[in-house]
Amino acid sequence: MQKLTAAQIRETFLSFFIRHGHTHVPSSSLVVADDPTLLFANSGMVQFKDVFLGREQRPYSRAVTAQKCLRVSGKHNDLEEVGPSPRHHTFFEMLGNFSFGDYFKAEAIALAWKLLTEEFKLPVERLWFTVFAGDNEVPPDDEAAALWIAQGADPSRVLRFGRKDNFWVMGDTGPCGPCSEITMYIGDDLSQMRAEGVNSDDPNYVEIWNNVFMQYDRATMQPLPRPSVDTGMGLERMAMVMQGVHSTYETDLFVAIINQIIKTRGSDEEHYHAHRSAYRAIADHARAIAFLIADGVLPGNLGRSYVLRRILRRAAYQGRTIGFERPFLADVITSVIEQMGDAYPELVKRRELILSAADQEERQFLRTLSGGLTRLQGVIEQVRARGEQVIPGNDAFVLKDTYGFPLDLTQKIAAEQGLTVDEAGYEAAMAEQRARSRAAAASKRGGEADLWADLDLPASHFTGYERLSNRATVIGMLGDGEALTDADTGRSVQIVLDTTPFYAESGGQIGDTGLLVGPEGSVQIEDTRRPLPGLIVHYGRVVNGRISVGDQVQATVDVVRRADIQRNHTATHMLQRALRDVLGEHAAQAGSLVAPDRLRFDFTHTKAVDPEELREVEQRLNKWVRADTTVHWEMTGYQDAMARGAIALFGEKYGDTVRLVTIERGQTLTEGEFASRDSLELCGGTHVNHTGEIGFVRIVSEGSIGSGIRRIEALTGRGAEGWVEQQAQTLRELAARINAQPAQLLERIDALLAEHRQRKQELEALRSKLAREQLDLLLGRVQHVAGVPLLAAEVEADSVDRLREMGEYLRDKLGNAVIVLGAQINGKPQLLTTVTPDLVRRGLNAVQLVKPLAALVGGGGGGRPEIAQAGGRHPDKLAAAIGAAVEVLAGQAGYL
């Protein structure tokens, strides 16, 4: 067996079949035209599908191709296997010969034998041949078996398998038929070769070719009038066999690409072998990327574009795992173009597009990768902390939506750590997002990150720590979901500057507002955000003139508003330190909002903060403010900051270099220490220079927002001043209303309350007196039913308690009687029955009396034998219910 390069194998295959009357048909595009069932060509027969189905006629009846293929979706999806497997690929080449109603099994098998044994000179003693074993629908393919044996195959190496391995179907309809595969044993010891190795996972057996004999109609399973042949030989596997290696990645198709990765990485063979899976995946994906872009597919969020984005981002992630920190794929893809450009000239023709598109997408992803990995690692830690093994689908969705992490990449990283992903939950979150996107289509806000990513702008340089106004250049602009070069008065825009003092919303601190003034117009900035890591976007409206990309502008932050925000942000840090001092170190931040008008701080604590504790926290804060201690920040190593006692937000991940904000605790002669230690926190926000700038801190609320999580809302500076003034004004107005001085307000209110209580008591006494007088008049209406005194009447009562008092009063007055009272209270009928003790002893029961009466007013009731009550829904039936008391009592008294 001679060793051939992949290019020589390709050429030998094509030339052989051309000599035998086949027309060389160039590879079709990876993008399948007019076939909604396929995203990409995944086999050699795809471009001939309509020919096999009889829908299309070609000027030839036999053809040979070297077809570009991609298997990344549907049932033909090898993406997860790429890298760990030594033989799986996304992109590959399929060599194939085809007969469209021309020759059939006899000639196909003869040609295959001749090519393998005479052209490629494969050792016959290592070859195995499989045929269809037959079933209750299709007979065994004895013909193919006999033909192989007739060519010279050892009968013991002609094996029979079922439908799974040796029967091919195009779909529910169309041609189908048995197939015959050729497998080669590549083990070192021929004596170990066994039939059991064929169609097994044994790496010493490699399937190199499949001959499909299309001879039936799938719908009827009747023979076709013109049976056809479709074959497929994977170039990568054939190269492995011909070059005497055990992995396709060891063939010349991949060695140069992998060497380029090693060179670009600055690593060596040892590093490659230690991280072989990642190197392989990058090499494979680089080929897929190059061919997809060459065929007109660009990275995006839908269909084929999204598949390309997934592959490219997987490659970029794999690069990160082996040490790449900068874009590298363009260098690797250059090697692909150089190696395969002769066979596929579209790679050379579209070289610049391929390299620029890949580089742009990689740069975009690298801007988000760090944040995405941090977020994912935080999620993984939370899952493990809960003792679970599944990442919630919503978290996977956020990774995709915010950081551009495709689901399969999240699954890959999760699998590396022994976890899985709730795919159903992810799909549900995706469905919800699609619904939101449709509802908000007019604003096109949902795709903004991708729009900015497509512009591939450099990271914004933030100057807002040092200054609040500076000159800048407009380098990018969006409006209504599209890129703009200029915008006129009244238009809402999103603008990126090369340099900006505007702080973008982050870490709880909301974004700055202000003004951009250019040579021809100005923009009122209403918000500042960071849709992509490193990219600061100013949201605003052109208030006059015109703003254009390239304009030099004066960018000025709203100074007053920024100062308010900074006061609240610094106070938030101080609040955490004070809470830890008063409540304990467990009081850790669980969330925050830093706005110009207020601050909100969520922290871990299992019970309500005692008013005295809250007062102590506030006192400590204001002592700290009055001490006017220094606030400063520095860039330092993460480990150094933590060693110094810095507080890091739980769940956040930080780089090796962090920004450490220190608020000195200070000490005064009159007030002593007010913090146990300096406040040290990792923070990227803006702060005052001295605590005295905060002015005053006022806690306005404290409460629970969840299990073990409390929330404090507070005000500082102008906000606290405004709150105090509002409270003072309320006191002045209240004092004026009760004709008192503010200083006398409590005394005056106490006097009013005492007077109110006295008058209320007097009113109650009067009401009781009037009620008794009303009841005394009823005593003359007692009637006797079966020897039992009965008083049944409707009375006026303002509550059920009052009605009960009336019943007890009449019972005590009568001494021996049944009393039935009814009243309309708040528009609802209420009934009360009482039975004196002597009658209870004789067998009468207040509950048995009230229930039938309650039914008449549409309700029910209950109680004790001595007293019971009921309510209903029909006040107009109350009189009838009271009147029915005679009949109900008669029914009960008759049994006494």
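The numbers in our numbering rise by one with no breaks, and the one at position 547 of the sequence shown is 1064. The beta carbon of each residue, even a glycine, is placed where N, CA and C say it ideally should be. Just so you know, these numbers come straight off a predicted model, no measurement behind them.
Cβ separation of residue i and residue j, assumed to be a contact under 8 Å, to the nearest whole Å
i: Asn987; j: Pro1018; result: 6 Å
i: Arg1227; j: Gly1236; result: The pair is not a contact, with the Cβ atoms about 21 Å apart (cut-off 8 Å).
i: Asp652; j: Arg680; result: 7 Å
i: Leu1308; j: Val1299; result: 5 Å
i: Leu664; j: Ile626; result: 4 Å
i: Pro692; j: Ser616; result: Not really, about 12 Å apart at Cβ, beyond 8 Å.
i: Trp726; j: Ala629; result: 7 Å
i: Leu1033; j: Ala1072; result: 5 Å
i: Gly613; j: Gly561; result: 3 Å
i: Ala1252; j: Leu1262; result: 5 Å
Close-in-space but distant-in-sequence residues of the same chain around residue i (CB under 7 Å, 5 per side omitted)
i: Ala803; result: Ile774, Ala832, Leu846, Val849, Ile850 and Val853
i: Leu1395; result: Glu1311, Gly1339, Gln1341, Pro1346 and Val1374
i: Asp567; result: Glu573
i: Ser532; result: none
i: Val1302; result: Val1403, Leu1406, Ala1407 and Ala1410
i: Met947; result: Phe914
Cut-off 6 Å between Cβ atoms - residues of its own chain near residue i, not counting five sequence neighbours on either side
i: Val1060; result: Ser1039 and Gln1041
i: Tyr766; result: Arg797
i: Glu598; result: His605
i: Leu521; result: Met759
i: Gly1408; result: none
i: Ala1104; result: Leu1096, Arg1097, Phe1120 and His1122
i: Met757; result: Thr765 and Thr768
i: Val1241; result: none
Residue i beta carbon near the ligand SAH (any heavy atom closer than 7 Å)
i: Val758; result: This structure does not include the ligand SAH; it has no bound ligands of any sort.
Proximity of residue i and residue j at Cβ, strictly below 8 Å
i: Cys696; j: Asn716; result: no
i: Leu596; j: Asn559; result: no
i: Tyr1020; j: Gly1031; result: no
i: Pro1050; j: Gly888; result: yes
i: Thr1233; j: Ile1211; result: yes
i: Glu1151; j: Leu1177; result: yes
i: Val1074; j: Gly981; result: yes
i: Ala1363; j: Glu1383; result: yes
i: Gly1025; j: Ser1109; result: yes
i: Leu752; j: Phe637; result: no
i: Leu1100; j: Ala1231; result: no
i: Leu556; j: Val824; result: yes
i: Ala523; j: Leu770; result: yes
i: Ala966; j: Pro862; result: no
i: Thr1203; j: Arg1094; result: no
i: Asp1145; j: His1207; result: yes
i: Val1441; j: Thr748; result: Look at the range of the chain in this structure, 518 to 1413, and you will see that residue 1441 is not part of it.
i: Val900; j: Leu936; result: yes
i: Gly817; j: Arg826; result: yes
i: Ala1158; j: Leu1092; result: no
i: Val1335; j: Pro1369; result: no
i: Trp969; j: Leu1052; result: yes
i: Leu985; j: Asp812; result: no
i: Phe646; j: Arg674; result: yes
i: Pro742; j: Tyr733; result: no
Selection from the options that minimises the alpha carbon distance to residue i
i: Ile828; options: Ala1397, Leu809 and Pro844; result: Leu809
i: Gln525; options: Ile779, Ala860 and Met701; result: Ala860
i: Glu949; options: Leu926, Phe914 and Asp939; result: Phe914
i: Asp705; options: Leu664, Ala662 and Val762; result: Val762
i: Glu905; options: Gly921, Pro923, Val1077 and Asp939; result: Asp939
i: Ala583; options: Gly538, Leu633, Phe530 and Leu890; result: Phe530
i: His537; options: Met611, Pro603, Tyr620 and Phe569; result: Tyr620
i: Ser1218; options: Gln1278, Gln1246 and Pro1128; result: Pro1128
i: Ala1415; options: Pro1113, His1090 and Asp918; result: Since the first residue shown for the chain is 518 and the last is 1413, residue 1415 is missing from the structure and cannot be characterised.
i: Thr1353; options: Val723, Phe569, Asn1333 and Gln1258; result: Asn1333
i: Thr885; options: Gly921, Gly998 and Gly1389; result: Gly921
i: Phe569; options: Ala1385, Asp918 and Gly694; result: Gly694
Neighbourhood of residue i by C-beta distance below 8 Å, restricted to the same chain and skipping five residues each side
i: Glu654; result: Met738
i: Ala941; result: Gly910
Three or more C-beta pairs under 8 Å: does that hold for the segment 869-876 against the segment 843-850? Between the segment 869-876 and the segment 843-850 there are three or more inter-stretch CB-CB distances shorter than 8 Å, so the stretches are counted as touching.
If contact is defined by three or more beta carbon pairs under 8 Å, each pair taking one atom from either stretch, is the segment 988-1000 in contact with the segment 964-978? Counting Cβ pairs under 8 Å, three or more are found: they touch.
The segment 1063-1081 in contact with the segment 1004-1014 per 3-pair CB rule at 8 Å: yes
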